[in-house]
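Enquirer: As they're listed, the protein sequences go chains A and B. One gets my numbering by counting positions in the first sequence from 1 and adding 9 to each. One gets my numbering by counting positions in the second sequence from 1 and adding 9 to each. The structure under discussion is supplied below as structure tokens; questions concerning it will follow.
There are 2 protein chains.
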Amino acid sequence: MGLDDRKLAVLRAIVEDYVSTQEPVGSKALVERHQLGVSPATVRNDMAVLEEEGYIRQPHTSAGRVPTDRGYRLFVDRLSRVKPLSPAERRAIERFLVGAVDLDDVVHRTVRLLAQLTRQVAVVQYPSLARSSVRHLELVPISTTRLMLVMIADTGRVEQRLVELPGPVPADDVTDLRRLINEKLANARLSETPPLVQALVEEAPTGLRPTMTTLASVLLETLVERHEERIALAGTANLTRGGLLDFQGSLRPILEALEEEVVLLKLIGETEPSTTRVLIGDENEFDNLRAASVVSTGYGPGTTIVGGLGVLGPTRMDYPGNIATVRAVARYVGELLAQN
Amino acid sequence: MGLDDRKLAVLRAIVEDYVSTQEPVGSKALVERHQLGVSPATVRNDMAVLEEEGYIRQPHTSAGRVPTDRGYRLFVDRLSRVKPLSPAERRAIERFLVGAVDLDDVVHRTVRLLAQLTRQVAVVQYPSLARSSVRHLELVPISTTRLMLVMIADTGRVEQRLVELPGPVPADDVTDLRRLINEKLANARLSETPPLVQALVEEAPTGLRPTMTTLASVLLETLVERHEERIALAGTANLTRGGLLDFQGSLRPILEALEEEVVLLKLIGETEPSTTRVLIGDENEFDNLRAASVVSTGYGPGTTIVGGLGVLGPTRMDYPGNIATVRAVARYVGELLAQN
DNA sequence: ACTGGCACTCGCTACAGTCGAGTGCCAGGA
DNA sequence: TCCTGGCACTCGACTGTAGCGAGTGCCAGT
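Given below as structure tokens:
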């Protein structure tokens with residue numbers, strides 16, 4: 010297609026102006042604010058082509074142009090120049106993440122930081138159990154027939170389950186069970202535990218067999234099969250910026266989608282290694298979010314990825330800025346996790 | 010003042026109609042829908058008095074009347090009849106809360122249930138550490154100079170902290186420390202632990218003294234002094250019901266307030282024993298929430314209270330219904346906690 | 001291939017007019 | 001004394017009209 014350099018420059022200018030002013034941009038204003046070196050009439054011709062190709066559209070005749078989802082896509086893929094973080098932002102990130110006392114704290118600080126820097130809704134997935142390894146499993150007697158099973162993962166996550174035992178178990182047996190379980194499972198990746206757990210049951214001394222069977226089923230069911238994912242959210246108030254223009258005036262569907270963990274996980278989890286993913290408007294699979302865009306990436310200590318994080322906002326968002334911020338925050342969080 | 014029975018009945022009718030229709034209610038519509046036994050003109054006179062007393066107001070001349078915050082207050086205090094839960098609601102509550110596997114699960118189910126039943130924003134405070142007792146304290150070695158301290162409370166809460174030790178500590182010492190700590194602190198209320206922790210340090214064998222001192226300071230600082238409160242939230246999408254009429258068109262301040270844990274705790278925590286608290290409009294102390302009302306109560310096993318829960322919505326809400334639901338849910342959650 | 005000029009479109013705003021729900025007040029009646 | 005029907009009045013909501021102006025598409029000229 011005839012998308013020469015100048016037409017691309019026009020598209021870029023339209024996106025940049027529309028993102029910052031939130032108003033349809035006309036040919037005259039364009040040449041005034043950008044050094045395009047041509048007259049408004051020429052720009053109009055280019056705009057006509059861009060519109061024909063589906064990159065921009067007119068809300069109505071005799072209004073300026075607005076980028077379409079497709080236009081944003083082209084912008085993100087080929088036109089946006091990387092926007093380096095400001096020193097102030099760098100400092101904010103560093104300051105924000107020091108002094109976190111535990112994983113909860115890290116995640117909460119991170120999600121607030123992201124929301125604050127990008128002025129969008131921020132989402133952070135806790136390190137996924139599926140990608141964690143067992144650091145320690147603890148059995149805490151609650152009563153003679155009840156145990157609390159506490160699993161501590163290398164990523165810092167701590168999960169606990171109340172286990173109803175088939176019969177009373179003396180304290181010494183608990184000690185034995187604890188030792189057996191830890192010998193077998195310590196340092197194993199959670200995704201690889203099922204055969205180990207199976208072996209635990211088979212190798213257990215006869216006396217401990219029934220209890221071990223119960224423990225094993227709880228272990229498998231709650232910690233492995235339905236791997237509990239957790240999510241933190243912040244900055245929903247940012248959805249109301251831009252008045253009622255974004256999201257065509259109704260926050261309803263967005264807020265509903267944000268309450269569904271499954272939706273959020275689909276959006277920010279499952280990301281390919283170390284790339285930043287950008288979903289624009291109807292590119293994402295949820296009808297409720299067809300007016301929104303998502304910028305997300307994975308994070309983790311070193312080069313491994315244990316979870317995802319990202320931001321969600323109107324399609325009219327500052328993609329270069331948000332991409333840079335999301336990447337930077339993910340990198341810092343990864344470093345933080347690597348220290349532990 | 011001259012608030013005879015009929016005037017009160019008129020106020021009640023106004024509140025009920027306005028809550029259900031969301032439109033200013035006029036004298037004619039009132040007598041049609043309620044059996045007041047008098048003519049519109051009489052009702053108009055009563056309305057004039059009610060307005061003079063500040064219980065209702067006119068959005069503008071020649072519009073119907075709308076209750077003021079003061080009007081809602083009178084309604085809640087003296088006029089609302091208890092609204093029994095429907096069997097369907099009872100069943101929903103029971104169904105919703107069975108099968109919860111741990112505290113997180115209970116809290117999440119509860120908050121979603123509340124949001125669904127009341128169609129408002131629901132808030133549930135996790136059992137407060139300050140009102141919990143220690144069930145068990147576990148020390149998990151992470152490396153030679155690092156321990157993870159895990160506290161399990163009788164309310165089901167589990168808190169963990171990474172502790173940086175002053176020097177390497179052999180495994181046997183960890184066992185000793187664990188025993189000492191648990192002997193001293195098990196079953197103690199967290200609010201009463203400081204002197205016990207102090208004693209722990211003083212009574213510790215010389216070899217363990219430095220490590221115990223570190224542990225003690227972490228214990229005191231993170232578990233007692235700044236008692237970590239946690240909160241779950243659901244149903245924010247309900248804020249968008251009623252179009253832009255409630256909250257004078259801007260959800261902004263509400264969403265901002267909902268992101269502040271401190272605010273939420275003030276709203277639903279700190280409640281007097283076993284009463285249901287209703288905060289109407291500007292009765293609450295936060296400017297951001299002066300267009301909202303909160304119905305909250307405490308919950309806990311038996312008659313003790315370990316946390317709060319409640320709902321938040323527009324002042325124009327179904328107070329009797331929400332009060333009944335909040336109470337019922339709190340009672341069920343209490344029973345659930347008592348079982349553990 | 002670009003530019004200046006020009007006619008045209010159409011949303012936005014302001015203004016005037018109508019409609020009707022709802023009110024306050026008053027005189028008359030139980 | 002309290003209630004009622006009647007009546008004039010208020011004022012927001014809605015409708016229709018007109019003028020404005022930003023922005024466009026097209027075309028002839030350089």
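Glycine included, every Cβ here is placed at the ideal spot set by N, Cα and C. Since this is a predicted model, take the numbers as computed values, not measurements.
Quick check for students: name the residue ranges of the alpha helix (DSSP H) that lie wholly in the segment 219–288 of chain B, counting only runs of 4 or more.
Expert: 261–267 and 270–277
Enquirer: Can you pull the chain A neighbours of B:Ala213, defined as C-beta to C-beta under 9 Å?
Expert: Within the second sequence, numbered from 1, the residue matching residue 213 of chain B stands at position 204. Neighbours of B:Ala213 on chain A: none; closest Cβ ~23 Å, over 9 Å.
Enquirer: Taking only beta-carbon atoms, is B:Glu234 less than 9 Å away from chain A?
Expert: Locating residue 234 of chain B in the second sequence gives position 225, counting from the first residue. Not an interface residue.
Enquirer: Give me the subset of the segment 227–256 of chain A whose CB atoms are less than 7 Å from a CB atom of chain B, sorted by chain position.
Expert: Thr231, Ala243, Thr245, Ala246 and Thr249
Enquirer: So, is the C-beta of B:Leu264 closer than 9 Å to a C-beta in chain A?
Expert: Position 255 of the second sequence, counted from the start, is the residue given in the question as residue 264 of chain B. Yes - at least one Cβ of chain A is within 9 Å of the one on B:Leu264.
Enquirer: Step through the CB atoms of chain A and report whether any lies within less than 9 Å of the CB of B:Ala347.
Expert: As a first step, residue 347 of chain B is located in the second sequence; it is residue number 338 there, counting from the start. No, because no Cβ of chain A sits closer than 9 Å to the Cβ of B:Ala347.
Enquirer: With 9 Å set as the bound, which would you pick, yes or no: does the beta-carbon of A:Ser259 sit closer than that to a beta-carbon of chain B?
Expert: Residue 259 of chain A sits at position 250 when you count from the first residue of the first sequence. Yes, because at least one Cβ of chain B sits closer than 9 Å to the Cβ of A:Ser259.
Enquirer: Give me the Cα-Cα distance between B:Thr313 and A:Pro214, rounded to the nearest whole angstrom.
Expert: Indexing the second sequence from 1 puts residue 313 of chain B at position 304. Indexing the first sequence from 1 puts residue 214 of chain A at position 205. Rounded to the nearest angstrom, the two C-alpha atoms are 43 Å apart.
Enquirer: Is A:Thr245 buried or exposed, if buried means 16 or more other CB atoms sit within 10 Å of its CB?
Expert: Start at 1 with the first residue of the first sequence, and residue 245 of chain A comes out as number 236. Classification for A:Thr245: buried.
Enquirer: Should the segment 17–24 of chain A be called in touch with the segment 79–95 of chain A, which here means at least 3 C-beta pairs below 8 Å?
Expert: yes
Enquirer: Please report how far the alpha carbon of B:Lys16 lies from the alpha carbon of B:Tyr328, in whole angstroms.
Expert: The residue you call residue 16 of chain B lines up with position 7 of the second sequence. The residue you call residue 328 of chain B lines up with position 319 of the second sequence. Roughly 20 Å between the two C-alpha positions.
Enquirer: For a test of the three-state rule: what should DSSP assign to A:Glu168, helix, strand or coil?
Expert: Along the first sequence, one-based indexing puts residue 168 of chain A at 159. DSSP, read as helix, strand or coil, puts A:Glu168 in strand.
Enquirer: I'd like the span of the alpha helix (DSSP H) that includes A:Arg21, first residue to last.
Expert: Translated into the one-based positions of the first sequence, residue 21 of chain A becomes position 12. Residues Asp14 to Thr30.
Enquirer: For the segment 160–212 of chain A, which segments carrying the alpha helix (DSSP H) assignment without a break, of at least 4 residues, lie completely within its bounds, in sequence order?
Expert: 180–194 and 202–212
Enquirer: Please name the residue in A:Arg261, A:Gly35, A:Glu238 and A:Leu194 whose C-alpha comes closest to that of A:Ser71.
Expert: By 1-based counting over the first sequence, the position of residue 71 of chain A is 62. The candidate whose alpha carbon is nearest that of A:Ser71 is A:Gly35.
Enquirer: May I have the straight-line CA-CA distance separating A:Glu292 from A:Arg299, to the nearest angstrom?
Expert: Your numbering for residue 292 of chain A matches position 283 in the first sequence. Your numbering for residue 299 of chain A matches position 290 in the first sequence. Computed Cα separation, rounded: 7 Å.
Enquirer: Below 8 Å on the Cβ atoms is my guess for B:Thr202 versus B:Pro177; work out the distance and round it to an integer in Å.
Expert: Here residue 202 of chain B refers to the residue found at position 193 when the second sequence is read from its first residue. Here residue 177 of chain B refers to the residue found at position 168 when the second sequence is read from its first residue. Actually they do not touch by this definition, with Cβ atoms about 27 Å apart.
Enquirer: Short of 8 Å in beta carbon distance, which residues of its chain neighbour B:Ala339, apart from the five on each side in sequence? Order them along the chain.
Expert: Numbered from its first residue, the second sequence carries residue 339 of chain B at position 330. So the qualifying residues of the chain are Thr306, Gly307, Tyr308 and Leu318.
Enquirer: Which chain B residues sit within Cβ distance under 7 Å of A:Glu192?
Expert: Within the first sequence, the letter at position 183 stands for residue 192 of chain A. Here the premise fails: no neighbours, minimum Cβ distance about 14 Å.
Enquirer: Drop a sphere of 10 angstroms on the beta-carbon of B:Leu331, count the other beta-carbons inside from all chains shown, and report buried for 16 or more, exposed for fewer.
Expert: For the purposes of this step, residue 331 of chain B is identified with residue 322 of the second sequence, where counting begins at 1. A quick correction: the sequence has Asn, not Leu, at residue 331 of chain B. Classification of B:Asn331: buried, given that the 10 Å Cβ count is 16 or more.
Enquirer: Tell me the DSSP bridge mates of B:Tyr308?
Expert: Taking the first residue of the second sequence as 1, we reach residue 308 of chain B at position 299. The partner list for B:Tyr308 (beta bridge, DSSP) reads B:Gly316.
Enquirer: In this structure, what does DSSP give as the bridge partners for B:Pro76?
Expert: As a working mapping, residue 76 of chain B is identified with position 67 in the second sequence. In DSSP, B:Pro76 forms a bridge with B:Ile65.
Enquirer: Compile a chain-ordered list of the residues in the segment 55–72 of chain B whose CB is closer than 7 Å to at least one CB of chain A.
Expert: none
Enquirer: How many angstroms separate the CA atom of A:Ala347 from the CA atom of B:Gly290?
Expert: Start at 1 with the first residue of the first sequence, and residue 347 of chain A comes out as number 338. Start at 1 with the first residue of the second sequence, and residue 290 of chain B comes out as number 281. So the alpha carbons of these two residues sit roughly 48 Å apart.
Enquirer: Can you pull the DSSP bridge partners for B:Leu321?
Expert: Residue numbering aside, residue 321 of chain B sits at position 312 when the second sequence is read from its first letter. Answer is B:Val130 and B:Val303, bridged to B:Leu321.
Enquirer: When the distance is taken between beta carbons, is A:Leu106 closer than 9 Å to A:Arg118?
Expert: Within the first sequence, residue 118 of chain A is the residue found at index 109, counting from 1. Within the first sequence, residue 106 of chain A is the residue found at index 97, counting from 1. For A:Arg118 and A:Leu106, yes; Cβs fall inside 9 Å.
Enquirer: Identify every run of the beta strand (DSSP E) within the segment 84–137 of chain B, keeping only runs that are complete inside it and at least 3 residues long; order them along the chain.
Expert: Correct list: 130–134.
Enquirer: Quick one: is B:Thr231 buried, meaning 16 or more other Cβ sit within 10 Å of its Cβ, or exposed?
Expert: Along the second sequence, one-based indexing puts residue 231 of chain B at 222. Counting Cβ neighbours within 10 Å, B:Thr231 comes out buried, since at least 16 surround it.
Enquirer: By Cβ distance below 6 Å, which residues in the same chain neighbour B:Arg187 in space, the five residues on each side in sequence not counted?
Expert: Start at 1 with the first residue of the second sequence, and residue 187 of chain B comes out as number 178. Same-chain partners within the cutoff: Leu148.
Enquirer: Hey, is B:Ala339 close to the ligand SAM, as in C-beta under 8 Å from one of its heavy atoms?
Expert: This structure lacks the ligand SAM, and indeed carries no ligand of any kind.
Enquirer: A:Glu147 lies in the beta strand (DSSP E); which residues open and close that run?
Expert: Along the first sequence, read from residue 1 onward, the residue named residue 147 of chain A stands at position 138. Looking at the DSSP string, the run of the beta strand (DSSP E) that includes A:Glu147 is Val143 to Ser152.
Enquirer: Quick one, are the C-beta atoms of B:Gly251 and B:Arg325 less than 9 Å apart?
Expert: On the second sequence, residue 251 of chain B is found 242 positions in, with the first residue counted as 1. On the second sequence, residue 325 of chain B is found 316 positions in, with the first residue counted as 1. Contact flag set, yes.
Enquirer: Taking 9 Å as the CB-CB limit, is B:Asp111 close to chain A?
Expert: Within the second sequence, residue 111 of chain B is the residue found at index 102, counting from 1. Yes - at least one Cβ of chain A is within 9 Å of the one on B:Asp111.
Enquirer: Looking only at its own chain, which residues have a Cβ that is under 7 Å from the Cβ of B:Leu205, when we skip the five neighbours before and after it?
Expert: Translated into positions along the second sequence, residue 205 of chain B becomes position 196. Excluding sequence neighbours, B:Leu205 sits near Lys193, Leu194 and Ala197.
Enquirer: Can you find the residues in the same chain that come closer than 6 Å, C-beta to C-beta, to A:His145, ignoring five residues on each side of it along the sequence?
Expert: As a first step, residue 145 of chain A must be located in the first sequence, where it is residue number 136. Correct list, in chain order: Ile161.
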